[in-house]
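Quick note on our numbering: the sequence shown kicks off at 18 and runs consecutively.
Scroll down for the structure; my scribbles are underneath it.
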Amino acid sequence: MSENGDAGGDSSQPASGDDDLTHTTDSGDVQMVDVGEKPDTARRAVARGEIHLSASTVEAIRADELGKGDVLATARIGAVQAVKHTWETIPMCHQIPITNVETDFDVHDDRVVLDVAVETTGKTGCEMEALEGVTTGLNVVWDMVKAAEKDDDGQYPGTAIRDVEVVTKEKRPLE
């Protein structure tokens, strides 16, 4: 299975064995998947995750009262940067042309949920980029609020990043 969920041609068919391991050669060496013969298609992926925080930290985020600055604006920048640099951090990901990135934060009383939607036109999907955007965006939130989240022992007993997943993945022919 490729880094973008394709098991070689038809992505609707699940991988079913060693013959579908496209990131390895016949001798077991790691390789990047050759997508050169695949047609360009319009692709979109949305990933989601959440960071659980104390109620007082969430209130400070809402009121923009944390010493490091605007938490969500900084996390948005981090998420977009991560999307654009996914190919540099995940070894077998292709460098793809990112045509759009959308970030959406939903602030609840005990957590912040982040959705990252990525669009590209190319030969391979963009779900890894969406996942990188979510995880980095949430890591930026953690970094921005860690002083408020630490307990007296310097630990983070209630802080957790959870439920990171690809929500949707779309592929359609170019018009």
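Note that the Cβ used here is the ideal one computed from N, Cα and C, for glycine as well.
Query: Beta bridge counterpart(s) of residue 69 as assigned by DSSP; Result: 128, 177
Query: Uninterrupted alpha helix (DSSP H) stretches inside the region 137–190 (no shorter than 4 residues); Result: 144–166
Query: C-alpha distance - residue 177 paired with residue 86, whole-angstrom precision; Result: 21 Å
Query: Distance CB(residue 174)-CB(residue 58) smaller than 7 Å; Result: no
Query: Distance between residue 162 and residue 94 (C-alpha atoms, nearest Å); Result: 16 Å
Query: Whole-angstrom distance between residue 143 and residue 110, CA atom to CA atom; Result: 9 Å
Query: The alpha helix (DSSP H) enclosing residue 89, as first and last residue numbers; Result: 88–101
Query: Cβ neighbour criterion (16 or more within 10 Å) applied to residue 172; Result: exposed
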